[in-house]
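Everything below concerns the one structure shown next.
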Amino acid sequence: MTFKLSKKSLSKLEGVDPRLVKVIKRAIEVTEVDFTITEGLRTKATQALYVKQGKSQTMNSKHLDGLAVDLAAWVNGTINWNFDYYFKIADAVRKASIELGIQVKWGGAWRYLNDYDSSKKAYDAYIAERKKLGKKPFLDGVHFELDK
Numbered sequence: 001m002t003f004k005l006s007k008k009s010l011s012k013l014e015g016v017d018p019r020l021v022k023v024i025k026r027a028i029e030v031t032e033v034d035f036t037i038t039e040g041l042r043t044k045a046t047q048a049l050y051v052k053q054g055k056s057q058t059m060n061s062k063h064l065d066g067l068a069v070d071l072a073a074w075v076n077g078t079i080n081w082n083f084d085y086y087f088k089i090a091d092a093v094r095k096a097s098i099e100l101g102i103q104v105k106w107g108g109a110w111r112y113l114n115d116y117d118s119s120k121k122a123y124d125a126y127i128a129e130r131k132k133l134g135k136k137p138f139l140d141g142v143h144f145e146l147d148k
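Below, the structure written as structure tokens:
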């Protein structure tokens, strides 16, 4: 099944880096799971609120520069937070980023998806690294970003 970004989702790509827009528009065409864009460009005030709420760890978010988007699984007409859907969305973003030659980092692994055979392998590598360091992972499966 081929999915399409809604007008609302497309409006959330305003101010986002054109390379990332390209990847997301291709990803929606190849994904197995429909998704909606919940956020693109973000204000400093919103970022400060997210840090305060623990939803973000830094005031240097890529969202502030239009270098990040958040994608939520859209299943049966509503957002679904089951992480299994996010592996499928990340795999679609991975496929699109490879096709377009644009490296994208996923918040479910904090690694470039292009460097792994699947989002699950990237995730497993991240979890193993954090465990080895004795640190808790920060999983943000909705988040996709460019470096610069």
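Those letters in the sequence shown? Residues 1 to 148, per UniProt numbering, in order.
Using N, Cα and C, we set each Cβ at its ideal position, and we do this for glycine too.
Cα-Cα separation, residue i to residue j
i, j, result
"Thr58", "Val51", "6 Å"
"Tyr112", "Ser61", "17 Å"
"Arg130", "Leu139", "11 Å"
"Ile98", "Lys8", "26 Å"
"Asp65", "Arg42", "8 Å"
"Lys4", "Ala27", "10 Å"
"Val30", "Ala92", "6 Å"
"Val33", "Asp117", "19 Å"
Integer-rounded CB distance, given that residue j should sit under 8 Å from residue i
i, j, result
"Tyr86", "Ala96", "Contact flag wrong, Cβ pair sits at about 15 Å."
"Ala48", "His143", "Actually they are not in contact, since the Cβ atoms of Ala48 and His143 sit about 18 Å apart, beyond 8 Å."
"Arg19", "Ile127", "The Cβ separation is near 28 Å, so there is no contact."
Per-residue burial, residue i [other beta carbons within 10 Å of its own, 16 or more giving buried]
i, result
"Phe35", "buried"
"Ile79", "exposed"
"Gly107", "buried"
"Ser56", "buried"
"Gly141", "buried"
"Leu146", "buried"
"residue 221", "Here the chain comprises residues numbered 1 to 148, so residue 221 is not present and cannot be evaluated."
"Ser11", "exposed"
Beta-bridge partners of residue i, as assigned by DSSP
i, result
"Asn80", "Ala73"
"Glu145", "Ala68 and Lys105"
"Thr36", "Ala72"
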